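S.K.:
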Amino acid sequence: GAVVSQHPSWVICKSGTSVKIECRSLDFQATTMFWYRQFPKQSLMLMATSNEGSKATYEQGVEKDKFLINHASLTLSTLTVTSAHPEDSSFYICSARDVKGVGYGYTFGSGTRLTVV
Amino acid sequence: QKEVEQNSGPLSVPEGAIASLNCTYSDRGSQSFFWYRQYSGKSPELIMSIYSNGDKEDGRFTAQLNKASQYVSLLIRDSQPSDSATYLCAARNSGGSNYKLTFGKGTLLTVNP
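From first to last, the protein sequence lines stand for chains C and G. Start counting the first sequence at 503; every next residue gets the next number (the working numbering). Start counting the second sequence at 63; every next residue gets the next number (the working numbering).
(1) Smallest Cα separation from residue 127(G): which of 170(G), 145(G) and 83(G)?
(2) Looking at the structure shown, is residue 81(G) part of a helix, part of a strand, or coil, going by DSSP?
(3) Count the other CB atoms, across all protein chains shown, that sit within 10 Å of the CB of residue 509(C); report buried if there are 16 or more and exposed otherwise.
(4) Look at residue 611(C) and residue 104(G) and say whether their C-beta atoms are less than 8 Å apart.
(5) So is the beta-carbon of residue 96(G) under 7 Å away from any non-hydrogen atom of the ligand NAD?
(6) Would DSSP call residue 605(C) helix, strand or coil?
(7) How should residue 512(C) be labelled, buried or exposed, when 16 other C-beta atoms within 10 angstroms of its C-beta is the threshold for buried?
(8) Please list the terminal residues of the continuous beta strand (DSSP E) segment that includes residue 509(C).
(9) List the DSSP bridge partners of residue 55(G).
(10) With 16 as the cutoff for other CB atoms within 10 Å, does residue 573(C) come out buried or exposed?
(11) Measure from the C-beta of residue 541(C) to each C-beta in chain G and report whether the shortest distance is under 8 Å.
(12) Mark residue 541(C) as exposed unless 16 or more other C-beta atoms lie within 10 angstroms of its C-beta, in which case mark it buried.
(13) From what residue to what residue does the beta strand (DSSP E) around residue 119(G) run?
(14) My understanding is that residue 571(C) touches residue 552(C), with C-beta atoms under 8 Å, so please give their C-beta distance in whole angstroms.
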């Protein structure tokens, strides 16, 4: 089945630094990738949608200059949290849409737990 | 505002019983619906997708869709303690070309041995 590899699985960084999270589709081409954030005991909140080779589309209230998304190829998308602050601590999850998969499935990466200290 | 509503629970059932999870959605144009299971601290994993009115069965899981009522459900037969998790209902938004999913807040299911 479709596999999405996301790393790192967890990261601790100092306030003010930047963190990059990578998301790779291993056995399919992901024309669209989604980035979510999830706070404890809350549901997934879509941050942005990225299409290969074009600028990401951000959801309302998400700062595009703070959360930089790059989708340079059909198998790789990255999310960079710039100048991270403690309130950015969260669980970040990517999801890729496999247009050839059964039922046009959406496959999630394993998530990245970010802690900003 | 496209919304997906779920009872947050917790829903508690004894081992071997049927667990029934429900979901309603506001986007009448939605055509595709998904149930995900999420264990604590992990990312969601797809259980089932459903696109047509009626029932769809896969092992111990049955998804039901009623587009007229804008209602989706998931039945888990012979519930096991390993089924204890949060179940997320998602609807694929109509319109646009990015096929975004809108998620409910999830229902926490506990299966008691």
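Where is the CB? At the ideal position from N, CA and C, for every residue including glycine. Given the structure is predicted, the values throughout are model-derived calculations rather than measurements.
M.R.: With the structure as the only source:
(1) 83(G)
(2) strand
(3) exposed
(4) no
(5) As far as ligands go, the structure on display features none, and thus does not contain the ligand NAD.
(6) Here the model assigns residue 605(C) a pLDDT of 49, short of 50, so the residue's position is not dependable, and the following value carries that caveat. Residue state, collapsed to three classes: helix.
(7) exposed
(8) 506 to 509
(9) Past the edges of chain G, shown from 63 to 175, lies residue 55(G), and the structure says nothing about it.
(10) buried
(11) no
(12) exposed
(13) 116 to 120
(14) 5 Å
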